[in-house]
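In UniProt numbering, the protein residues as written are 1 to 462.
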């Protein structure tokens, strides 16, 4: 009954965590600085990160963010100024605006790109048919925005949006053009320190990103503690590793021609909120905390919209180790994305201002690697969105990783118990019993370990 290969037990959790920490320190201290030294674009992105504290509402119309200038002496006297080039006449100002369309003196309108349109052309364009409200996999909202929920990790979802042709069985995304801005992803970050617990071997989403991209150098110490509402925007973050678990040496590193770019918004969610509800009932956030969650999401969306982003990867923000209910987070995202959140009233009886609808955002993907959580999120989000099984799915937190290892341990224990029952040699039986006891102790230790290990160090800082 011999084995052709040696049977090896799994390393204890503390040992594997130390191995991850060692490799993460090598990446942070050696690999990333070398990449920044040799890549001007990545270095410029890391050096140019911006901190947004309680960002204001974006007050532009249908034109692209940053394309217009605002002049005027007072709030009520603001005049948006745009310019148009005419053949033989140079660059001239166009000030008059009618319903979001700039007009010349002759009545013709000027589109986003400065092209003149006669009134009959404008009539044809205004009679265009609105996009369908829903398709088989996602839900279409304002201006044809497509919202999807995919069981995969953040970087794989961003890769799908950047290179949709490589995912024919999963992706129904419009082709990505070279002139389009990078896909933007939300780094669901620790509000206390850059990178969270990456140097300690933690495996939550922020640590996952910082071990595979040039994000960490852009998270400057002066930005912390992160603001309650707002976050850090980093342009041109280079992805240099795939989404596979961290391995030994250069395993998982992408070649120079395989590397790609994303933009990142780094923001923190509520940590360990007090939940309302009796024991045995559904536990929910308080009204105050729900309002704060919405404000945090509005802050992220304002940053994204102000930077002209079109494709966005979000997630079940704060639903892992931070203990926020999935239902509250999903419902808050739906309200924010659908423009149901109006501005606060400015005085008794005052009407609400027009809600923000993020018209420049065309594609939103919620990347949730845990299938059970993704299903619960989709049910709470509403709109009939079907959860799609995505590729990869290697972005696992410590709890998800422990589940896989525990399953493998149970399989090994069952196999060894069956073999032990057939052994008659007392010495061999004793040695196998020792190995079996060791596997059982590993399983017991793993099942008793908590899911908040990744953020234990953060609690000590508060």
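C-beta atoms are modelled at their ideal positions from N, C-alpha and C, and glycine is treated no differently. Small disclaimer: the values here were computed from a predicted structure and weren't measured.
In the same chain as residue 311, and ignoring 5 residues on each side of it, the C-beta atoms closer than 6 Å to its own belong to 161, 183 and 363, in chain order.
In this model, residue 441 and residue 268 are separated by some 37 Å (Cα to Cα). Within the same chain, 270 and 273 come within 7 Å of residue 289 by CB-CB distance, once the 5 residues on both sides are set aside. Distance from the CA of residue 374 to the CA of residue 431, rounded to the nearest whole angstrom, comes to 44 Å.
For residue 45, the enclosing alpha helix (DSSP H) stretches over residues 40-47. Secondary-structure assignment with DSSP links residue 263 through a beta bridge to 184. In the displayed model, residue 15 falls within a helix according to three-state DSSP. Boundaries of the alpha helix (DSSP H) around residue 206: 205-210. Nearest to residue 57 by C-alpha distance, out of 237, 230, 314 and 319, is 230. Going by C-alpha positions, residue 301 is about 12 Å away from residue 266. Take residue 32, set aside five residues on each side of it, and the residues of its chain with a beta-carbon closer than 7 Å to its own are 214, 216 and 217, in chain order. Within a 10 Å sphere around the beta-carbon of residue 55 sit 16 or more other beta-carbons, which makes this residue buried. The three-state reading of DSSP puts residue 364 in strand, counting E and B together. Looking only at 293, 154, 207 and 211, the smallest Cα-Cα distance to residue 240 is reached by 211.
Pairing residue 258 with residue 152, the inter-Cα distance amounts to about 20 Å.
Here residue 27 is not near residue 238, since their CB atoms are 8 Å or more apart.
With fewer than 16 other Cβ atoms inside 10 Å of its own Cβ, residue 29 counts as exposed.
For residue 223, there is no enclosing beta strand (DSSP E), as DSSP gives it neither H nor E. Assigned with DSSP and collapsed to three states, residue 242 falls in coil, not helix or strand.
Secondary structure at residue 385: coil, using DSSP grouped into helix, strand and coil.
Annotation: residue 208 to residue 219 spans about 15 Å, alpha carbon to alpha carbon. Between residue 365 and the set 224, 52 and 145, the nearest pair of CA atoms involves 145. Per DSSP, residue 162 lies in no beta strand (DSSP E) segment; the continuous alpha helix (DSSP H) that holds it begins and ends at 154-162. In summary, residue 417 is exposed, with fewer than 16 beta-carbon neighbours lying within 10 Å of its beta-carbon over all protein chains present.
In the structure shown, the three-state DSSP call for residue 307 is coil. Under the criterion of beta carbons closer than 8 Å, residue 201 and residue 20 qualify as touching, at roughly 4 Å. Per the C-alpha coordinates, the member of 234, 251 and 370 positioned closest to residue 242 is 251. By the criterion of a C-beta distance shorter than 6 Å, residue 286 is surrounded in its chain by 276, once the five residues flanking it on both sides are discounted. In the three-state scheme derived from DSSP, where H, G and I count as helix and E and B as strand, residue 37 is classed as helix.
With respect to the 8 Å criterion, residue 165 and residue 226 are not classified as neighbours on the basis of their beta carbons. Straight through space, the alpha carbons of residue 323 and residue 263 are spaced by roughly 27 Å. Per DSSP, the beta bridge partners of residue 189 are 268. Annotated three-state conformation of residue 423 is coil, per DSSP. A straight line joining the alpha-carbon of residue 193 with that of residue 204 spans about 14 Å. For residue 335, the closest of 228, 435 and 357 by C-alpha to C-alpha distance is 357.
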